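Heads up: the structure comes next, in structure tokens.
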Amino acid sequence: MLAWVSQRLETEVNSSTDNPLLDPESAQVLSDGSFSGGYVALAMDSLNAAVASVADLLDRQLASVVDVKYNRGLGPNLVVTYPEGHPEFGLNHGFKGSGRRECPDTVIGSGSVVESASHGQPRVGAAYRPPGLTRLPVGASPWWAGTHSGECR
């Protein structure tokens with residue numbers, strides 16, 4: 016998937032969309048009708064779906080790690096259990112303590128309900144969509160995964 020997206024974006028970024036193209040070396044006038052952002056939009060929509068899928072898988076894995084029924088003996092919510100009277104007793108709320116457990120659902124939800132660039136006007140690229148439709152899980156998922164993986168150490 017990433018190789019296909021990368022190839023498509025590289026081709027589009029290195030293409031010219033002027034019409035006609037003037038080649039000074041060969042003195043040719045070339046007609047080029049490639050003035051659509053649809054290919055870039057399709058590549059970005061595909062990447063959006065792939066990242067949302069990875070975020071969903073990460074959410075399920077993290078849910079298994081923090082759930083005492085499935086984490087094979089780790090502490091509930093990955094909390095180190097200190098005895099009463101210990102200076103850190105009750106201070107650590109664990110992996111779910113700061114409300115970050117809800118973050119993956121938000122990320123996945125935003126990726127699955129946001130209208131894609133290829134809906135409605137299939138030839139309009141992501142750059143021409145209204146600002147409210149530009150939220151993608153691409154920006155949030157690395158933050159979310161990095162934040163949670165740091166707490167797993």
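When you read off a place in the sequence shown, starting at 1, and then add 15, the result is the number in my numbering. All C-beta atoms in this analysis are idealised placements derived from N, C-alpha and C, irrespective of residue type, glycine included. Please read these numbers as outputs of a predicted model, since none were measured by experiment.
Pairwise C-alpha distance: residue j and residue i
i	j	result
Arg87	Val55	45 angstroms
Gly90	Phe104	14 angstroms
Glu99	Asn107	13 angstroms
His101	Asn92	19 angstroms
Ala58	Trp19	8 angstroms
Val83	Leu24	44 angstroms
Ala70	Val94	23 angstroms
Val81	Ala64	26 angstroms
Leu77	Ser30	42 angstroms
Thr26	Leu72	31 angstroms
Limits of the alpha helix (DSSP H) - the one that residue i falls within
i	result
Leu93	Here Leu93 belongs to no alpha helix (DSSP H), and DSSP marks it neither H nor E.
Leu37	Looking at the DSSP string, Leu37 is not in any alpha helix (DSSP H); the run it does join, the beta strand (DSSP E), is Leu36 to Asp38.
Val80	Gly53 to Val81
Leu17	Leu17 to Val28
Under the three-state DSSP convention, the category residue i falls into
i	result
Leu45	strand
Beta carbon of residue i nearer than 8 angstroms to that of residue j
i	j	result
Met16	Ser79	no
Leu37	Val28	no
Cut-off 7 angstroms between Cβ atoms - residues of its own chain near residue i, not counting five sequence neighbours on either side
i	result
Pro137	Caution is warranted here: a pLDDT of 42 is assigned to Pro137, below 50, making its placement in the model unreliable, and the coordinate value is therefore given only provisionally. Hits under 7 angstroms: Gly53.
Glu40	none
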